[in-house]
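**Q** In terms of my numbering, the sequence shown is residues 26 to 473.
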Amino acid sequence: MVDVAAPQETEILGTAVTASGLASLAPVKIPVQRYISPEFAELEHERLWPKVWHVACTVDHVANPGDWFEHRLGKYSILLVRGTDGVLRGFQNACRHRGNPICQGSGAGITELRCPYHRWAWDLAGRLREIPSRRGFGPINNDDLPLVPVKVDTWGRLVFVNLDTGAEPLEGWLEGIPDDIAWANLDEFRGTYSTVTPVNCNWKVVNEGFSETYHVQGLHREMLGSINDVDAPQRIWDHHSASYQAYGVPSPRLGRNVSDQTVWDSFVATQGGRMGPDYTEPCALPEVPEGQTLQDVIAQNIREHQATSGVDLKGYDTAQITHLSQYNLFPNTTLLISADLFTVLTARPGPSPDTGELVTIHLSRMPSADAPASSPVHVTVPMDQADFGFVLNQDFSVIRTMQAGLHQPGFTHVWLSGEECRIINMHRHLERCLGLAPGGWQRSGHLH
Numbered sequence: 026m027v028d029v030a031a032p033q034e035t036e037i038l039g040t041a042v043t044a045s046g047l048a049s050l051a052p053v054k055i056p057v058q059r060y061i062s063p064e065f066a067e068l069e070h071e072r073l074w075p076k077v078w079h080v081a082c083t084v085d086h087v088a089n090p091g092d093w094f095e096h097r098l099g100k101y102s103i104l105l106v107r108g109t110d111g112v113l114r115g116f117q118n119a120c121r122h123r124g125n126p127i128c129q130g131s132g133a134g135i136t137e138l139r140c141p142y143h144r145w146a147w148d149l150a151g152r153l154r155e156i157p158s159r160r161g162f163g164p165i166n167n168d169d170l171p172l173v174p175v176k177v178d179t180w181g182r183l184v185f186v187n188l189d190t191g192a193e194p195l196e197g198w199l200e201g202i203p204d205d206i207a208w209a210n211l212d213e214f215r216g217t218y219s220t221v222t223p224v225n226c227n228w229k230v231v232n233e234g235f236s237e238t239y240h241v242q243g244l245h246r247e248m249l250g251s252i253n254d255v256d257a258p259q260r261i262w263d264h265h266s267a268s269y270q271a272y273g274v275p276s277p278r279l280g281r282n283v284s285d286q287t288v289w290d291s292f293v294a295t296q297g298g299r300m301g302p303d304y305t306e307p308c309a310l311p312e313v314p315e316g317q318t319l320q321d322v323i324a325q326n327i328r329e330h331q332a333t334s335g336v337d338l339k340g341y342d343t344a345q346i347t348h349l350s351q352y353n354l355f356p357n358t359t360l361l362i363s364a365d366l367f368t369v370l371t372a373r374p375g376p377s378p379d380t381g382e383l384v385t386i387h388l389s390r391m392p393s394a395d396a397p398a399s400s401p402v403h404v405t406v407p408m409d410q411a412d413f414g415f416v417l418n419q420d421f422s423v424i425r426t427m428q429a430g431l432h433q434p435g436f437t438h439v440w441l442s443g444e445e446c447r448i449i450n451m452h453r454h455l456e457r458c459l460g461l462a463p464g465g466w467q468r469s470g471h472l473h
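#1: Residues in the same chain with beta-carbon distance under 8 angstroms from residue 313, minus the five sequence neighbours each way, listed in chain order, please.
#2: Residue ranges of each alpha helix (DSSP H) run of no fewer than 4 residues wholly in the region 371–406, ordered along the chain?
#3: Kindly list the residues whose CB is nearer than 6 angstroms to the CB of residue 145, restricted to its own chain and excluding five residues on each side of it in sequence; keep chain order.
#4: Since residue 303 contacts residue 276 with CB under 8 angstroms, what's their CB separation in whole angstroms?
#5: Can you say whether residue 158 is buried or exposed, counting buried as having 16 or more other CB atoms within 10 angstroms of its CB?
#6: Between which two residues does the beta strand (DSSP E) containing residue 78 stretch?
#7: Is it buried or exposed, residue 143, if we count other Cβ atoms within 10 angstroms and call 16 or more buried?
#8: Less than 8 angstroms separating the beta-carbons of residue 186 and residue 96?
#9: If you reduce the DSSP assignment to three classes, tell me which class residue 122 lands in.
#10: Suppose the cutoff is 7 angstroms on Cβ atoms and the five residues either side in sequence are ignored; what does the same chain contact list for residue 148 look like?
#11: Going by C-alpha to C-alpha distance, which of 407, 454, 378 and 402 sits closest to residue 429?
#12: By DSSP, does residue 146 sit in helix, in strand, or in coil?
#13: Kindly list the residues whose CB is nearer than 8 angstroms to the CB of residue 212, restricted to its own chain and excluding five residues on each side of it in sequence; keep chain order.
#14: Determine the direct distance from the alpha carbon of residue 52 to that of residue 331, and round the result to whole angstroms.
#15: Report the option in 461, 431 and 448 whose CA atom is closest to the CA atom of residue 61.
#16: According to the neighbour-count rule (16 or more other Cβ atoms, all chains shown, within 10 Å of its Cβ), is residue 433 buried or exposed?
#17: Once the 5 residues before and after residue 398 are set aside, which same chain residues still bring their CB inside 6 angstroms of it?
#18: Quickly, what does DSSP pair residue 252 with across the bridge? List them, please.
#19: Between the Cα of residue 169 and the Cα atoms of 152, 179 and 177, which residue gives the shortest distance?
#20: Measure the C-alpha to C-alpha separation of residue 179 and residue 250 and round it to an integer number of angstroms.
#21: Looking at residue 366 and residue 217, is the spacing between their C-beta atoms short of 8 angstroms?
#22: Alpha carbon to alpha carbon, what distance is there between residue 226 and residue 425?
#23: Could you check whether residue 177 and residue 98 sit closer than 8 angstroms to each other, using their CB atoms as the reference points?
#24: Decide if residue 207 is buried, meaning its Cβ has at least 16 other Cβ atoms within 10 Å, or exposed.
#25: What residue range does the alpha helix (DSSP H) around residue 410 cover?
#26: Which runs of the beta strand (DSSP E) at least 3 residues long sit entirely within the region 143–203? Give them in chain order.
#27: Tell me the residue span of the alpha helix (DSSP H) that contains residue 229.
#28: By the DSSP assignment, the alpha helix (DSSP H) with residue 457 in it spans what residues?
#29: Helix, strand or coil: how does DSSP classify residue 103 here?
#30: I'd like the span of the alpha helix (DSSP H) that includes residue 330, first residue to last.
#31: Sorted by chain position, which residues of the same chain lie with C-beta nearer than 7 angstroms to residue 357's C-beta, five sequence neighbours on each side aside?
#32: I need the straight-line Cα distance from residue 271 to residue 308, nearest angstrom please.
#33: From the DSSP output, in three-state form, read off residue 127 for me.
#34: Look up residue 222 in the DSSP assignment and give the residues it is bridged to.
#35: When the Cα atoms are used, what is the spatial distance from residue 241 to residue 417?
#36: Could you have a look at residue 69 and say whether DSSP puts it in helix, strand or coil?
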């Protein structure tokens with residue numbers, strides 16, 4: 026097993042940045058209209074969402090011929106289907122007759138794509154095959170009315186789509202991320218479930234909540250005993266970014282001489298389930314063998330728990346198990362990855378700038394990359410029923426309330442520090458996609 030490469034510190038405005046941040050010449054100010062303006066949201070729908078790669082589902086959602094999955098992104102709907110030839114394809118989910126969506130939700134075992142409105146039908150490769158009462162239309166060549174294709178590619182068990190068929194290949198768009206996380210052997214994971222939760226805030230509010238560790242000291246104080254939120258390196262590529270956080274060690278914010286008991290209690294409270302069901306409630310501090318650290322003991326407990334499912338983590342060292350690589354894919358997806366963990370969080374636009382969706386995808390490591398595809402459950406979970414665990418539930422508490430604050434008449438800008446460089450980088454690339462000058466959106470809704 027290849028060791029984890031030491032992550033590089035972020036270079037932003039020529040200054041190296043870790044999670045603690047460094048002094049900046051001035052904060053970066055983001056106009057609040059980017060979060061609340063209907064005109065800005067419409068500009069995103071026109072210039073951003075039809076032009077970028079974004080995560081739709083896992084390969085396991087559409088693993089077999091006849092499997093299909095509807096991916097929604099604001100006003101857009103994309104239909105993914107595995108053909109009888111085994112090829113995964115994507116189409117704009119609109120009947121070429123009157124525009125009605127052809128499929129909604131997900132399913133398996135179909136042999137054609139038939140619109141439920143007037144029963145026009147296409148084969149799984151998107152070629153028109155039947156028009157009921159065809160004579161009334163006059164001459165129509167089936168090859169002239171295929172379903173409109175969408176660009177589709179995969180990486181790390183994830184299916185990516187792009188409405189722009191002329192977009193750059195996914196491999197190039199991902200920049201250095203595949204090489205950066207190659208040690209984790211993501212092909213050994215399989216999708217187990219995915220959820221969609223409607224939220225009462227702008228998609229950027231959700232996305233930015235997973236793009237900085239500055240909030241740990243406020244919102245996630247229970248984590249301070251078991252995370253180094255100060256020295257975590259951050260890395261910026263062109264439009265993507267990453268943070269690398271060590272767990273099983275205390276935050277420097279707690280000072281020196283933090284006891285193992287404090288670290289243990291914090292880890293058990295916030296993510297003890299990674300060590301198995303016996304560690305989901307407060308429990309005794311384990312003995313730490315001579316020459317080892319508590320972090321080593323935590324890593325070994327995780328290895329032993331994974332072994333109960335036939336997964337062998339012996340080739341992964343303590344750092345690979347206890348450190349979290351957090352990738353922020355422009356514009357709206359966060360990947361959380363360690364040796365035993367692969368979770369995807371995607372923020373999607375809603376029907377108004379004050380609404381959105383949080384999509385979660387959970388993948389589990391299998392004994393080998395040859396493991397058969399799973400059959401992931403895909404469900405909608407209302408916000409008042411959402412329970413995603415101790416830490417994510419705390420994030421939800423802010424998602425529920427933050428949009429109201431953005432509407433207050435005296436609040437004109439979001440102020441960002443160098444520590445929040447991943448959010449800054451997202452907005453810089455958003456400006457490029459939308460054709461804006463830096464800070465380019467006034468309260469009137471006009472560009473400048």
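Note that CB positions come from ideal geometry on N, CA and C, so glycine has one too. Keep in mind the model is a prediction, meaning the values are calculated, not measured.
**A** Reading it off the structure:
#1: 285, 319, 321 and 322
#2: none
#3: 120, 122 and 156
#4: Going by Cβ atoms, the distance from residue 303 to residue 276 rounds to 26 angstroms, so no, they are not a contact pair.
#5: exposed
#6: It is not in any beta strand (DSSP E) - residue 78 carries neither H nor E in the DSSP assignment.
#7: exposed
#8: yes
#9: coil
#10: 137 and 154
#11: 378
#12: strand
#13: 181, 182 and 394
#14: 44 angstroms
#15: 431
#16: exposed
#17: 85 and 88
#18: 272
#19: 152
#20: 37 angstroms
#21: no
#22: 7 angstroms
#23: no
#24: exposed
#25: Looking at the DSSP string, residue 410 is not in any alpha helix (DSSP H), and its letter there is neither H nor E.
#26: 153–155, 174–180 and 183–187
#27: 228–234
#28: 446–459
#29: strand
#30: 319–332
#31: 79, 228, 232, 371, 372 and 373
#32: 22 angstroms
#33: coil
#34: 383
#35: 12 angstroms
#36: helix
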